[in-house]
Amino acid sequence: MGELLTVMAEENPFESLQSQLDAAAAHLDIGDDELTRLKHPQRILELNLSVELDDDSIGSFRAFRSQFNDDRGPYKGGIRYHPGVSRDEVKALSGWMTYKTAIVDIPLGGAKGGIVIDPAEYSEAELERITRSYAVELRPIIGEDQDIPAPDVNTGQREMNWIKDTYETLENVTEPGVITGKDLDSGGSEGRVEATGRSVVLAAREAFDYLGKDLEGATVAVQGYGNAGWISAKLIDEMGATVVAVSDSSGGIYREAGLDPATIKDVKRDQGSVVEYTAVDEMITNEELLTLDVDLLIPAALENAIDAEIATEVSADVISEAANGPLTPGADEVLEDEDVLVIPDILANAGGVTVSYFEWVQNRQRFYWSEERVNEELEAIIVEAFDDMIEAYEENDTANLRTAAYVVAMQRVINSYSEGGNWP
Ligand code: NAD
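Numbering (the working numbering), first residue to last: 1 to 424.
This is the structure we're talking about:
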């Protein structure tokens, strides 16, 4: 569960998604109407929640759930609490989920939800009432075979447990698979908390291997030090790389000899920000972090962190996208020209949804796996998806890995739709 994030550049993420899909469609045999279908959500729920606050007044909160595509399985995607949540942001995130589940080839579709709220301004009791009110509205359209929510920015196990409890109480069922990202005692999976960072670094390892570069001793900068960022830093450090810079919304720190990720995590937990850690060479801004001369850059904050202008200054050789949509389409073009290898979000951060899928499988079987098994199965899926992406990259000569990943993912969605046919 993270803190409030600041919204970065003003690019509309739904337009970014559309241009990513257009770029991939140019390599596919697909008609205009079919493409329109693949570019828009199938259904959007838009809500105005009225919830009693602690001072007895009634708070009003806009909320959304976008169900983008269920051709390959039930809708799947997180729930974000943030003042910057909008209909277009939720639509974009639900589309990215659709192609994320497809590139890693797990039998799920794509969805996303969000509430326009700064959770830091509300008490825990208020947040529980707001979350349960949202869950009541979601109830008719979610379910383990319909739509399975999960955590995203500013939500975590606590909110998932409330949603599960509300749903199960109203439906009079025990159905832990209605939601993922739960606490272990509520039916969560081993390895889920670390899963996103794990895929970010596994994908980076594969990319280094592809380029013939050594990860051992490589330098790394991580933007954003929440769940995705800090776990990525911890695991890449364990693989022998050196994390030289990290940041959060208050700024960044740089130390040439390397930072210890766990120490920084403790400082952030106890004092609120990574910038409170002072045994560093330099305090740096987020922009300086993004343009450091490092081997690997991991953007792990929010969308639009790197636009075309910042991209011209990026000096990293490889970028592994922990955040969803951290690069604008303009940034992609610049980085292509400069031969920076960008591992797209839909693959790099797919560990979260992949282990959510494992959680759902375990919930349905009422049979739970060891952490070792979770991590092994995750690694196999990420490595296979990476290989599928590289094959499409080389066969289609796509401009970048993102377009290659979308070619594979869109083809998989097209295949299941055409096999099922259209009714009515
Ligand atoms: P989080 O709330 O735990 O952490 C976000 C971090 O980003 C915080 O440290 C915050 O200070 C920092 N941040 C905010 N604005 C910033 C700015 N302008 N500059 C630098 N840092 C900034 O969130 P999270 O769960 O780690 O998610 C981060 C990103 O990863 C999001 O894009 C999310 O959609 C994506 N993601 C997360 C998961 C997951 O399982 N947690 C899975 C897939 C994708």
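Where a beta carbon is used, it is the ideal one built from N, C-alpha and C, also for glycine.
Excluding its 5 nearest sequence neighbours in each direction, M239 has C-beta neighbours in its own chain below 6 Å: L215, listed in chain order. Contiguous beta strand (DSSP E) elements confined to the segment 178-265 occur at 219-223, 242-248, 251-254, taking only those with 3 or more residues. Taken in chain order, the unbroken stretches of alpha helix (DSSP H) that lie wholly in the segment 376-422 and span 4 residues or more are 401-420.
For V136, the uninterrupted alpha helix (DSSP H) segment begins and ends at 124-138. Taking L184 as the centre and dropping the five residues before and after it, the same chain places the C-beta of E190 closer than 8 Å to its C-beta, in chain order. If you look at S320, you'll find it isn't in any alpha helix (DSSP H); it sits in the beta strand (DSSP E) that goes 318-320.
In the assembly as shown, E376 is an exposed residue. Its beta-carbon has fewer than 16 other beta-carbons within 10 Å. Secondary structure at G325: coil, using DSSP grouped into helix, strand and coil.
By the C-beta criterion, the segment 318-327 is judged not to be in contact with the segment 170-186, since fewer than 3 inter-stretch pairs fall below 8 Å. Secondary structure of D22 (DSSP, three-state): helix. In the displayed model, Y81 falls within a strand according to three-state DSSP. DSSP places N172 outside any alpha helix (DSSP H), giving it a letter other than H or E.
Contact annotation: the segment 303-315 touches the segment 335-349, with at least three C-beta pairs closer than 8 Å.
DSSP places S315 outside both helix and strand once states are collapsed to three, so it counts as coil. Ranking D70, L35, I58, K91 by CA distance to the CA of L45 puts K91 first. Here the C-alpha atom of I103 lies approximately 9 Å from the C-alpha atom of V407.
Separation of the CB atoms of L108 and G73 is rounded to 4 Å, and the pair is thereby assigned contact status at 8 Å. Annotation for L35: A25 place their beta carbon closer than 6 Å to its own, counting only its chain and skipping 5 residues before and after.
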